[in-house]
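Taking it in order: structure first as structure tokens, then the write-up.
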Amino acid sequence: MSTTDTTVWAIRTEALRRTFRDKSQVKKKKGAKNGDGANGANAGNGAAEKAKPQDFVALDGVSLEVGEGELFGLLGPNGAGKTTLIKILATLMYPTSGRAWVCGYDVQERPGQVKKLINMVSGGEHSGYGSLTVRETLWMFSQFYGLDSREALRRIDELMEIIGFKDQANTKISKLSTGMRQKMNFIRGFVSDPRVLFLDEPTLGLDVGVSRTIRAFVRDWVKARPDRTVLLTTHYMAEADEMCDRVAIIDSGRVLACDSPANLKRSLGRDSAIELELAGGQVSEGGLTAIRGVRRASVTTEPASGKSEATLIIEEDGAVQPLLGYVADCGAQVLAFRKKEVTLEDVFLSIVGRKLDENGNANGNH
Amino acid sequence: MRTETRMETTDTVAQALRNNLRASWGRAYVRVIGVNRELSWLFLDIVMPLFSIAAYVLLYRSMNAPREYDGFVILGALMTAYWLNVLWAMAAQFYWEREMGHLELYMMAPISPMAILFGMSFGGIFQTTVRAAATVTMGALIFGVHFSIANPLAVLGIFFLTLVALYGLGMTAASLYLVYGRDAQNLSNLLQEPVFLLSGVNFPVKALGFWTAATACFIPMTLGMDALRQLVFDDKTTGFMPVGWEVLGLVVTGAVTLIGAYKALKYLEDLAKRQGRLTLKWQ
Amino acid sequence: MAMSETTIDKKKEGFGPLAPLREAWRSFAPATWLGWQIESNWTDPFTFAVFNLVRPLSGALILVVMYLVATRMNTRTDLFAQVYTGNAMFTYLGGVLFGMSWVIHEDREHYQMIRYVYIGTSHLYWYLLGRAVAKFLVTTLSVVVLLTAGKLFLGLRLYWSVIDWPYFLTAFSLGLIGATGLGLALSGWMMLMARQAATVSEVAAGVFYLACGFLFPIDVLPTWAQAVARWIPFTWWNEGMRRGLFGHGNSQVLVSLSNGTILNWLAISTAVFGALSLAAFFGAERLAKRRGLLDQITDF
């Protein structure tokens, strides 16, 4: 084992770009009108016509630097490119262009070295063979990291104790509920004691109690030793706010902002966030942003009740009067008006122009 | 910028070998332990081939075939079990591993993917041997098949070489299936009965005629079974070619398939990473 | 009373003696269409060829070579015709048994739609029957290819003029009813089992392949097995179809029985088998409901 001193980041990417060929665009039926070719329902029987394949851009020039010992969050809606970035860093996918390093090793040129230092846990993961027990499964995965069996089992027992999973140690995987299976896979990521851990939406679909346990464990784990780094992707704002030292907001494959949650919130400056609950009327995002002093607006309407909820970022309090005037002109009734503390959600709305819902979808106009 | 230490960890050959062997054993364990855990499947896996043995033996008997043909059927059932294991639990396995989300975990681990394939092979051989041994023993007892083995070591040696070549082929196919996704299942189906036919599972392969039999020799099972038929029943008249040539053929096929598996895996892993298909499910 | 109102409304919806049939048709017709879409794989000629041509033809060719090496005769013999057609006709039994029982696993776990079929107005067995019809149609293609290839390339002694069509079709239809009944029973069993147990239907098909004289006459079976075979409708099905196709069967122990007697035994055994199969299906269905297994996912 030789040691080389050099200046590196735990994770660094440089103008990372990744595109995918969108196969659904390759074939279009002759005679299909715009928009009806996708399902082919109205397509004629003519010969298939080859259309030029469209490239889907998953990452578009991502440059990031994550320091050692950091708990770094990637915040963005579904399809923003978070998982693609993690897959590239985990040596599972090559970038189309650009470069990435983990602990100073180029992920494309030195994957062997990178693999020794990393592990990954994805939310909603269902890995594991049904006929093995939880403890056996975790032992099996530990063997892929060359761990001595005794040491591996010691770590597994310790982690199961901390996560509150010890009672299930000898349960067969096939008997585990989805949440339990996710807990097991979460432990799997830590058994090899990686220097860099990728957590891809680790609390996806988990109940509140389990999510809280997992978040607390991750925070303690990363702070326990200065050389541990976590890259966490999430679309839960509160999770990113609560856990991360720094957060990068990513959308459509681009990093739009990167700083600590506190700084990001401060970046809104004198801007304030306003929430309106409305009944009836036709309030539009376009109409709201046209008002002088309103920077961003997002409106969600419940069709059944006809009620709407608008979130706005306003630059000055003077915008409130014209805002209420516009709402009245639209025939809407104001049920509630709240001026609130700026949250990461407001930062996201301000930067991306859309609101992120609890399922990870971004709603609203650009 | 902050300063940190880059740990250049270079494993010795012995360390690398030990780590990869550990990984192989980890993957094999699933199959080895599975034999004990799923006794109902064990029953089915033994009973099913017994039915097919009975059907083919009784067919031969109804046609007044020589009694040694009963033995050909038993031998055929033995090798059929391994071929099915190679097709479904080796070749198509990487495809299923990807669907289950395991493949990305294997590929991300600091080991050679070949270690996983070796583990799957070892586990598969163990699993199949337990089932096939039970089937063959019961079949031989029920139908009173007489084996006349003059050289048990040669029989074991050829059997071992056949398994190496077969599982080497399975490892190569697993790499190919990595890229060809869902069609893998159809390919496995395509290679089932036609390979039984070409390799002469229930009859001496020379009955297919020289050119067909010679072409079929590219399938390791053909060479292995032809050699075993000659040695197990001590009957050179049914053989397609001398056992020595078949041993040579098996050694060459074994080496080619193992090297082929390594090369194919490296190339196709690279291709899959470039195309982003290594972790793509339901394609 | 709310209860009686509901009853009246339901009666309004499906009034008249044909109402149950209309409801059954609503399940049966789309199931047949769906099964055809799944089984035929028309969109993928490769898959279609593998499952419906290459595999059955290769299986048949294994028997051809076995016949050639064992008898050292050519294929223009009665013996070959009996072996070859028996194997071809078995495709129906194997196909229907596996096809129907696999539907339970496929629709329950892969497509996860069995719960919606189940809560529909007509009974699940109409849906299964619809899928069986689709399987039957696709299998017919394989059988036609097998017999045509046998006739063209192997000189199969099967002559149009010899075939007693009314007799053959009667026997064939009765046997299919038996096969479908057994398919239902296996489907019921599958409701209680994990996905991996799907091979049970192959084992069941294997038993009949062996015991009912598809490949060789039941004469070569031990006496006790011959006695068992006489209780299974597929033994009579086989004998009936052979007599319809060739004018004679291939079993010496059944040779003394007249064609009418064979059909009678086929009808009686099919009726008994069918009744037992239906009872087994409904019993298994009740048990599956009690244990909450109707839409279980065996994810391992």
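Chains as they are written, first to last, in my numbering: chain S, 1 to 366; chain G, 367 to 649; chain P, 650 to 949. Glycine included, every Cβ here is placed at the ideal spot set by N, Cα and C. Source: prediction; values computed, not measured.
- Along the length of the region 190 to 274 of chain S, whole beta strand (DSSP E) runs at least 3 residues long occupy 196 to 200, 229 to 234, 246 to 251 and 254 to 259, reported in chain order.
- Check the Cα spacing between residue 194 of chain S and each of S:319, S:115 and S:258: the tightest is with S:115.
- Annotation for residue 174 of chain S: 130 place their beta carbon closer than 6 angstroms to its own, counting only its chain and skipping 5 residues before and after.
- In the three-state reduction of the DSSP assignment, residue 508 of chain G falls in the helix class, which pools H, G and I.
- Checking the DSSP bridge columns, you'll see residue 308 of chain S partnered with S:278 and S:301.
- Around residue 427 of chain G, the beta-carbon contacts reaching into chain P at under 8 angstroms are 865 and 869.
- For residue 887 of chain P, the enclosing alpha helix (DSSP H) begins and ends at 882 to 895.
- Put simply, the CB of residue 458 of chain G is far from chain S, with every gap to its CB atoms at 8 angstroms or more.
- If you draw a 10 Å sphere on the C-beta of residue 341 of chain S, you find fewer than 16 other C-beta atoms in it, and that means exposed.
- Counting along the chain, residue 120 of chain S sits inside the beta strand (DSSP E) bounded by residues 118 to 122.
- With at least 16 other beta carbons inside 10 angstroms of its own, residue 449 of chain G counts as buried.
- Scanning the region 447 to 480 of chain G from its first residue to its last, the whole alpha helix (DSSP H) runs of 4-plus residues come out as 459 to 466 and 469 to 474.
- The C-beta of residue 530 of chain G comes no closer than 8 angstroms to any C-beta of chain P.
- Within the region 627 to 647 of chain G, contact with chain S at the beta-carbon level (separation under 7 angstroms) is assigned to 639, 640, 642, 644 and 645.
- Residues of chain G with a Cβ closer than 8 angstroms to the Cβ of residue 90 of chain S are, in chain order, 470 and 474.
- Runs of the beta strand (DSSP E) spanning 3 or more residues and lying entirely within the region 517 to 580 of chain G do not occur at all.
- Sequence-distant partners of residue 537 of chain G (beyond 5 residues in either direction) whose C-beta falls short of 6 angstroms from its own C-beta, in its chain, are 483 and 627.
- With respect to the C-alpha of residue 146 of chain S, the residue from G:481, G:625, G:638 and G:599 having the closest C-alpha is G:481.
- Ranking P:678, P:871, P:872 and P:857 by CA distance to the CA of residue 885 of chain P puts P:857 first.
- If you draw a 10 Å sphere on the C-beta of residue 243 of chain S, you find 16 or more other C-beta atoms in it, and that means buried.
- Secondary structure note for residue 98 of chain S: its beta strand (DSSP E) is the uninterrupted segment 97 to 102.
- When G:640, G:615, G:623 and G:425 are compared, the shortest CA-CA separation from residue 457 of chain G is found for G:623.
- Residue 64 of chain S is positioned such that its CB atom lies no closer than 8 angstroms to that of residue 81 of chain S.
- Secondary structure of residue 341 of chain S (DSSP, three-state): coil.
- Within 10 angstroms of the beta-carbon of residue 473 of chain G lie 16 or more other beta-carbons, which makes it buried.
- In terms of Cα proximity to residue 86 of chain S, the closest of S:11, S:124, S:158 and S:153 is S:11.
- The count of Cβ pairs closer than 8 angstroms, one atom from the region 610 to 623 of chain G and one from the region 580 to 595 of chain G, reaches three, so the stretches are in contact.
- Put simply, the backbone Cα of residue 122 of chain S is about 16 angstroms away from that of residue 240 of chain S.
- For residue 291 of chain S, the closest Cβ of chain G is not nearer than 8 angstroms.
- For residue 172 of chain S, the beta-bridge partners assigned by DSSP are S:133.
- Cα atoms of residue 774 of chain P and residue 642 of chain G: separation of roughly 44 angstroms, rounded to the nearest angstrom.
- The C-beta of residue 385 of chain G has 16 or more other C-beta atoms within 10 Å across all chains shown, which makes the residue buried.
- Spatial neighbours of residue 170 of chain S in its own chain (CB-CB distance under 6 angstroms, excluding positions within 5 residues in sequence) are listed in chain order as 133.
- In the DSSP assignment, residue 72 of chain S is bridged to S:231 and S:246.
- Residue 942 of chain P has no beta-bridge partner at all, per DSSP.
- Rounded to the nearest whole angstrom, the CA to CA distance from residue 721 of chain P to residue 728 of chain P is 12 angstroms.
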